[in-house]
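Comments concern the structure below.
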Amino acid sequence: MSHTSSSCSSCTFCLFLGISLANLLGNGLNISTIACGHHLHTPMFFFLLNLALSDLGSICTTVPKDCVNEELCSQWL
Ligand SMILES: *[C@@H]1O[C@H](CO)[C@@H](O)[C@H](O)[C@H]1NC(C)=O
């Protein structure tokens with residue numbers, strides 16, 4: 001955090017954070033819409049619900065690891 005490259009690192013961190021938060025918001029909206037709309041319980045929307053859930057899961061596992069890698073690598077430069 002207190003290194004010379006911390007501004008670039010925090011810029012990348014904020015970019016990742018913004019993208020992942022937008023993704024979480026969009027996927028949460030999709031999931032809640034499909035789950036709460038009783039007229040949306042058709043096979044196509046079940047497929048879309050699975051797509052949103054798997055996207056949510058992959059974002060929640062890869063983005064924190066990317067952020068940690070970014071912080072660790074910027075300390076070594
Ligand atoms: C939400 O669903 C719409 C339509 O099914 C899709 O176009 C959009 O990409 C989805 N949002 C996310 C964040 O996946």
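Residue numbers for the sequence shown, in the UniProt record's numbering: 1 to 77.
C-beta: ideal position from N, C-alpha, C; glycine also.
Here the structure is a predicted model, which is why all the values come from computation and not from measurement.
Measure the beta-carbon distance from residue i to residue j and round it to whole angstroms, keeping in mind my assumption that it falls under 8 Å.
i	j	result
residue 31	residue 52	5 Å
residue 78	residue 29	Because the chain is modelled from 1 through 77, residue 78 falls outside the range shown and cannot be assessed.
For residue i, which residues of its own chain have a beta-carbon under 7 Å away from its beta-carbon, when the five flanking residues on both sides are left out?
i	result
residue 66	16
residue 27	52, 55, 56
For residue i, I'd like the list of residues in its chain whose CB is within less than 6 Å of its CB, leaving aside the five on either flank, ordered along the chain.
i	result
residue 3	Residue placement at residue 3 is flagged as unreliable, the pLDDT there being 47, under the threshold of 50; the coordinate-derived value follows with that caveat. Hits under 6 Å: none found.
residue 72	none
Leaving out five residues on either side along the sequence, give the residues of the same chain with a beta carbon under 8 Å from the beta carbon of residue i.
i	result
residue 70	9, 12, 13, 16
residue 35	49
residue 33	40
Shell residues, 6 Å Cβ cut-off relative to heavy atoms of ligand 1 = 23, 26, 27, 30, 48, 52, 55
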